[in-house]
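In the numbering used here, the protein residues as written are 239 to 451.
Single-structure report; data block below.
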Amino acid sequence: MFLVLLRGDHDLQVTKLMDSVGALSARPAHPEEIQDLLSASAGSLGAVGARQKAQANNRELFIVADLALKGRRNMVTGANKDGYHLRGVDVERDIVKPNMNTPHQVFKWDDFRVVSPHEACPNCETGVLDIFKAMEIGHIFKPARSIPTRWARPCSTPKARKFPSSWAATASASSAYCRRPSSRITTRTASSGRRQSRPSTWSSPSRTSGRRS
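Structure representation (structure tokens):
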């Protein structure tokens, strides 16, 4: 199970989370899973002492934090007790390294948030971000071997039909004859897309550690 830390005015970008932790899929944790993990409801969750509480409940918890929280002080967060919150939280002091005998509590720092319109450009002082609707006209793929077979196999049409909420994908493999006699090559193409949903506490199978969390 992953506990994702974000600023209160930011939203989670699910695709960023999956890419960062190496997950094939992700979903919000169910209310009963949250209770079993932290003995609190979703509206009162926080990272202060969260790993210790999860371990006391014989559960494994990985905390990941958005880069916007680095160095932040005087924050407010849930106390992992229904109806209670903590004020004056220092992220480094209270979450990352609460005492000398405790290892770092944050499993990974990364960019997990959804960008907002009019944000400043990270590379210059004058640029701002504009977000607007656009129409996808089409895909342009490189020649056959640039798209590995390992992409085409898991993204086959039967699997896309079986798991419409996670992957919608098509893949094909066909033989193409060359001009030289008695020779032919196999070409493969693949196209895929992902859906996104609202954040909470997240559960995902990890492909990096090989264990389900």
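Glycine included, each C-beta is placed from N, C-alpha and C at the ideal position.
N-terminal and C-terminal residue of the alpha helix (DSSP H) that residue i is part of
i: alanine 306; result: From DSSP, alanine 306 is part of no alpha helix (DSSP H); its letter is neither H nor E.
i: valine 259; result: 252-259
i: aspartate 348; result: First-last for aspartate 348: 344-348, but that is the beta strand (DSSP E), not the alpha helix (DSSP H).
Cβ shell of residue i (< 6 Å), same chain only, five flanking positions each side left out
i: serine 258; result: Asp348
i: valine 314; result: His323, Arg325
Beta strand (DSSP E) segment containing residue i, residue limits
i: lysine 291; result: Premise fails: lysine 291 lies in the alpha helix (DSSP H), 288-294, not in any beta strand (DSSP E).
i: leucine 276; result: It is not in any beta strand (DSSP E) - leucine 276 instead sits in the alpha helix (DSSP H) that spans 269-276.
i: phenylalanine 240; result: 240-243
i: threonine 315; result: 313-316
i: glycine 326; result: 323-327
Distance, residue j Cα to residue i Cα
i: alanine 317; j: alanine 278; result: 9 Å
i: aspartate 247; j: glycine 284; result: 15 Å
i: asparagine 361; j: lysine 254; result: 21 Å
i: glutamate 270; j: leucine 276; result: 10 Å
i: methionine 373; j: valine 329; result: 41 Å
i: valine 334; j: glutamine 343; result: 5 Å
i: asparagine 295; j: alanine 303; result: 22 Å
i: asparagine 339; j: asparagine 312; result: 24 Å
i: arginine 331; j: asparagine 337; result: 8 Å
i: proline 341; j: glutamate 363; result: 38 Å
Near the ligand NAD: residue i beta-carbon under 7 Å from a heavy atom
i: glutamate 363; result: Absence of the ligand NAD is noted for the structure shown, with no ligands found whatsoever.
Under 8 Å between C-beta atoms of residue i and residue j
i: phenylalanine 350; j: leucine 241; result: no
i: alanine 280; j: isoleucine 301; result: no
i: valine 352; j: glutamine 251; result: yes
i: phenylalanine 249; j: serine 282; result: The residue you asked about is not phenylalanine; residue 249 is aspartate in the sequence shown. No, the Cβ-Cβ distance between aspartate 249 and serine 282 is not below 8 Å.
i: methionine 256; j: glutamate 298; result: no
Sequence-distant residues of its chain with Cβ nearer than 8 Å to residue i (five each side left out)
i: glutamate 357; result: Val366, Leu367
is_contact[residue i, chain D] using C-beta, thresh 8 Å
i: glycine 246; result: No chain D appears in the structure shown, which is made up of a single protein chain.
(request) Answer yes if the stretch 363-370 comes into contact with the stretch 325-340, meaning at least three C-beta pairs across the two stretches below 8 Å, and no otherwise. (result) no
(message) Quick check: the stretch 254-269 against the stretch 307-315, are at least 3 beta-carbon pairs closer than 8 Å?
(response) no
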